[in-house]
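Chains as they are written, first to last, in the numbering used here: chain A, 1 to 328; chain B, 1001 to 1328.
Report on one structure; see the data block that follows.
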């Protein structure tokens, strides 16, 4: 058997822990080190069998790691870390600020081309697997419409917005697709759907002692950008209920391509995810793409890449012949 | 604007007509000729604006066609045509005899490598898009099970089997997934499902005058390989009803990957198709992969390929930059 692909993790939050777990399901890869901005001794790994190093010492480990998986956030971490770490490493990241992808791609690509690394950006499920299905949908049904629905799922950004409100001690926000809209799309109606018609929002809020529930509710449902354009339901619950019922991070959604072929024959393609843990699933996708990055680097196919550039076969530990025999 | 990709069609049945229609939705490609084993003058095209030539004269058109789409059958046509035509053309085909794919791939690949052509085999939805989803499912959820369900759809092979029975004037057979089984898979139960538990079969039969309905029904439901292992319902109808209600060729199905990440967290990925016309959809997939074959040939990436070897971006008429901006 050939040597294992040596993986490093940069950033050890929910995503980093998910990558550690996912590597346990992929025997052709091994975790060799975790890098953190925290004091390394304070970082407790789930398995705890590899060293933790300070992120600012990472350069000295560049020959010991085949692919570095960046597990930082898209807002503050990746815009700097992605291009910076591409000078020493092949990387995978889950950059998910859709509007900033062209700029981020260019920044990573410039470094990757100059230093001969393979760096796959914006990996995960959206962007990522959903993006692939948006693309496949429009190439196989050029005459049609693509609809993306999210949820039921916990939205980190919206939960943060709720928690910043005066009087809120804790809270979470779920995004839910509106089933009637999904059904209209599936039925081939090609509906034009407003924001409010596609998704609704549900908040579970723990109030500070003495806070006014009506005021908090009103602040939430009228909040511009976050809630004003949606029908939002606010439930007030106890801290105990929050901790008992709302600590999982489920998510999911649908990409539906509804189109017509030939003489107006209806054709529908649907891709959906029902995820018990959003970060663990995202991590699992990152790990699969790490395998592809390793192989492309071996083939000297350097530069920034996205999921659109990766042939499916590169993601599997199986040989091309076995894939054709077993899965085609 | 660059020149259009010049497409030829070899074989003008349901699939060939579907390709002709699909090309009308893809303005970066143009149909330049149709090749048939029938007398060319007897072949009436849907649009009728390109020449029809005898298939055995095809070699002389090799410099006028960028990609030839093979629309023959997997049983009798493609095993010979695929390797034979790969000597002169880049090709796409929908070879769908799963068990014979390794052998067919090898035969096409030998010719393709020697003559420097790009030949993508086994394109369509199964094998094809379903295969991609079987692969993606197991790479993102290595610990899990993949389930493929087909239907509701018209099965050509089973319809033919029904029509060969004495006393049957005409008939069609539909394959249907058993919803209870699909729901158990979606619920993360990881069921072990027998053939009978996954699909059922429904036949609509027109009897010859004087035929015995009970005998025909019994012959159908006990037929080895085709029906004996399934719960099969037989409906006797008139020829008028058959022609009114059963001439469309719908199909579809589901690929579901049910798995667990991390500490036994349930994760489900589902891909489904609901197709008004099976041949028109398959044709549309063939046309998208013709674009990829053309590009790979331009890059001198010769040889037999499958959908596993094709990066999604190669399928789209859009530039890589536009894809990142619009669809990622």
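Even glycine gets a Cβ: it sits at the ideal position worked out from N, Cα and C.
If you're wondering where the values come from, they're calculated on a predicted model, not measured in any experiment.
Asked, Found
"Residues in the segment 1193-1208 of chain B having any Cβ partner in chain A nearer than 9 Å", "none"
"Nearest neighbour of residue 1300 (chain B), chosen from B:1047, B:1114, B:1182 and B:1012 [CA to CA]", "B:1114"
"Where residue 1038 (chain B) falls: helix, strand or coil (DSSP)", "coil"
"Those residues which DSSP pairs with residue 108 (chain A) across a bridge", "The partner list for residue 108 (chain A) (beta bridge, DSSP) is empty, contrary to what the question assumes."
"Buried versus exposed call for residue 1107 (chain B) [16 or more other C-beta atoms within 10 Å across all chains shown]", "buried"
"Beta strand (DSSP E) segment containing residue 1014 (chain B), residue limits", "Where residue 1014 (chain B) is concerned, there is no enclosing beta strand (DSSP E), although the alpha helix (DSSP H) it sits in stretches over 1014-1023."
"Residue 1131 (chain B): first and last residue of the uninterrupted alpha helix (DSSP H) it sits in", "1129-1140"
"Separation of residue 281 (chain A) from residue 315 (chain A), as counted between CA atoms", "15 Å"
"Span separating the alpha-carbon of residue 1053 (chain B) from that of residue 1036 (chain B)", "6 Å"
"Endpoints, the beta strand (DSSP E) within which residue 259 (chain A) is located", "251-261"
"Length of the line joining the Cα atoms of residue 127 (chain A) and residue 1206 (chain B)", "51 Å"
"Where residue 1026 (chain B) meets chain A, residues with beta-carbon distance less than 7 Å", "142"
"9 Å Cβ cut-off: residues of chain B touching residue 271 (chain A)", "1133, 1269, 1270, 1271 and 1272"
"Simplified DSSP state of residue 246 (chain A), which is helix, strand or coil", "coil"
"Helix, strand or coil at residue 1081 (chain B) according to DSSP, with G and I counted as helix", "helix"
"Cβ of residue 288 (chain A) within 8 Å of any chain B Cβ", "yes"
"Same chain only: Cβ atoms within 7 Å of residue 1227 (chain B), ignoring 5 sequence neighbours per side", "1201, 1220 and 1221"
"Three-state secondary structure (DSSP) of residue 1281 (chain B)", "helix"
"Reference residue 173 (chain A), options A:147, A:251, A:260 and A:258, closest by Cα", "A:251"
"Residues that residue 1271 (chain B) bridges to, as DSSP identifies them", "A:271 and B:1255"
"Given residue 1233 (chain B) as reference, the closest of B:1059, B:1310, B:1176 and B:1117 once Cα atoms are compared", "B:1176"
"Short-range partners of chain A found in the segment 1064-1097 of chain B, where Cβ spacing is below 9 Å", "none"
"Cβ pair residue 302 (chain A), residue 112 (chain A) closer than 8 Å", "yes"
"Range of the contiguous alpha helix (DSSP H) that encloses residue 1215 (chain B)", "1213-1221"
"Backbone CA spacing between residue 1292 (chain B) and residue 1322 (chain B) [nearest angstrom]", "17 Å"
"8 Å Cβ shell around residue 1186 (chain B) - same chain, five flanking residues per side excluded", "1256, 1258, 1268 and 1270"
"Given 8 Å, three or more beta-carbon pairs between the segment 1055-1071 of chain B and the segment 1081-1101 of chain B", "yes"
"Chain A within 8 Å of residue 1306 (chain B), Cβ atoms only", "yes"
"3 or more residues per run - each beta strand (DSSP E) lying fully within the segment 1154-1242 of chain B", "1168-1177, 1199-1207 and 1232-1236"
"Continuous alpha helix (DSSP H) stretch holding residue 325 (chain A): start and end", "320-326"
"Neighbourhood of residue 288 (chain A) by C-beta, 7 Å cutoff - its chain only, sequence neighbours within 5 removed", "315"
"Chain-ordered chain B contacts of residue 182 (chain A) [CB-CB under 7 Å]", "Simply none; closest approach about 13 Å."
"Alpha-carbon spacing of residue 312 (chain A) relative to residue 212 (chain A), whole angstroms", "53 Å"
"Distance between residue 1260 (chain B) and residue 317 (chain A) (C-alpha atoms, nearest Å)", "18 Å"
"Per-residue burial, residue 64 (chain A) [other beta carbons within 10 Å of its own, 16 or more giving buried]", "exposed"
"CB contact flag (residue 1020 (chain B), residue 1055 (chain B), <8 Å)", "no"
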